[in-house]
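To convert, count from 1 in the sequence shown and add 2; that's our numbering.
The C-beta atom is built at its ideal place from N, Cα and C for all residues, glycine as well.
Okay, structure first, notes after.
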Amino acid sequence: MLGALALAVLLPVGSVLTHAVVPPLTTLLMVEQGFAGQPADYRWRKLDDISPRLVEAVIASEDARFCSHDGFDFEAIDEAMKANERAKRRGSGRVRGASTLSQQTAKNVFLWPGRGWVRKGLEAGYTVLIETTWSKRRIVEVYLNVAEWAPGVYGAEAAAQHWFGKSAADLSAREAARLAAVLPSPRRYNASSPGPYVRGRARRVQAAMGTVRNDGLASCVLG
Numbered sequence: 003m004l005g006a007l008a009l010a011v012l013l014p015v016g017s018v019l020t021h022a023v024v025p026p027l028t029t030l031l032m033v034e035q036g037f038a039g040q041p042a043d044y045r046w047r048k049l050d051d052i053s054p055r056l057v058e059a060v061i062a063s064e065d066a067r068f069c070s071h072d073g074f075d076f077e078a079i080d081e082a083m084k085a086n087e088r089a090k091r092r093g094s095g096r097v098r099g100a101s102t103l104s105q106q107t108a109k110n111v112f113l114w115p116g117r118g119w120v121r122k123g124l125e126a127g128y129t130v131l132i133e134t135t136w137s138k139r140r141i142v143e144v145y146l147n148v149a150e151w152a153p154g155v156y157g158a159e160a161a162a163q164h165w166f167g168k169s170a171a172d173l174s175a176r177e178a179a180r181l182a183a184v185l186p187s188p189r190r191y192n193a194s195s196p197g198p199y200v201r202g203r204a205r206r207v208q209a210a211m212g213t214v215r216n217d218g219l220a221s222c223v224l225g
């Protein structure tokens, strides 16, 4: 029993410590999609080889308080709960989330897709581990490299090539905003020829990127 418990603790810790310096070879989502016939275009790039505009875009769109929280944005969670309660009273089926970049990274790298309570509990545990052992810069570097940006397209470099035919290092603010705008549903939306929803969301993200830059909200990543 003690051996099994020790193994259950040491395996996650060892995996997190390994990926503090070693890029993930693959993720469970890539494996799952591979079995479904969708090959993965996955190209790892160091953060220095990714446009800082993309860092600003994902912080603006996904987690504006990334540099000030320890993995969980309790203010955003409270706001999401209130918004979901209002939506429930109106009979709306839309559910607002409050996952931080740290939580999304933990899910993408170490866990399977899904919304069950077991997975959410494991996600919380991995989030604590990566916030404890990784730098904020490393969290964003891993996130940008394993996020899915189109069907079978993983990471900023593959996304930049897929949507814009250029390196991730050369993304403009407009292109970075469009990539961030498709993140909620990368299998549904198009970043290069966006429809009205993505265009509108991208405009809001690009405007928020100015706030991120001016207020130093990405300073823990970009220095």
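- Counting along the chain, Trp151 sits inside the beta strand (DSSP E) bounded by residues 150-152.
- The shortest C-alpha to C-alpha distance from Leu224 to any of Leu31, Ala179, Asp50, Met83 is the one to Asp50.
- Per DSSP, Val57 has no beta-bridge partner at all.
- For the options Glu143, Glu77, Gln105, the alpha carbon positioned closest to that of Arg121 is the one of Gln105.
- Beta-bridge partners of Asp43 (DSSP): Val155.
- In this structure, DSSP gives Pro26 a state outside helix and strand, which the three-state scheme calls coil.
- A straight-line Cα-Cα distance of about 9 Å links Ala193 and Ala161.
- Within 10 angstroms of the beta-carbon of Thr134 lie fewer than 16 other beta-carbons, which makes it exposed.
- Sequence-distant partners of Trp151 (beyond 5 residues in either direction) whose C-beta falls short of 8 Å from its own C-beta, in its chain, are Gly157, Ala158, Ala160, Ala161, His164, Trp165, Leu181, Val184, Leu185, Pro188, Ala193.
- Taking 8 Å as the cut-off, the beta carbon of Gln35 is found no closer than this to the beta carbon of Gly118.
- Ranking Asn216, Gly16, Val24, Leu13 by CA distance to the CA of Val148 puts Val24 first.
- Arg67 and Val57 have their C-alpha atoms spaced approximately 13 Å apart.
- When the five nearest sequence neighbours on each side are left out, the beta carbons in the same chain lying within less than 6 Å of the beta carbon of Ala62 are those of Val207, Ala210, Met211, Val214, in order along the chain.
- Secondary structure note for Ser221: its alpha helix (DSSP H) is the uninterrupted segment 221-224.
- Excluding residues up to 5 positions away in sequence, nothing lies with its Cβ nearer than 8 Å to the Cβ of Gly39 in the same chain.
- For Ser174, the closest C-alpha among the options Asp72, Arg45, Ile52 is that of Ile52.
- Judged by beta-carbon spacing, Ala100 lies within the 8 Å limit of Ile79, meaning their Cβ atoms are closer than that value.
- Counting C-beta atoms within 10 angstroms of its own C-beta, Thr28 has fewer than 16 neighbours from the protein chains shown and is therefore classed as exposed.
- Under the 10 Å beta carbon count, Thr129 is surrounded by 16 or more other beta carbons and is classified as buried.
- A check of alpha carbon separations from Ala171 across Glu143, Pro196, Ser195, Arg190 identifies Glu143 as the nearest.
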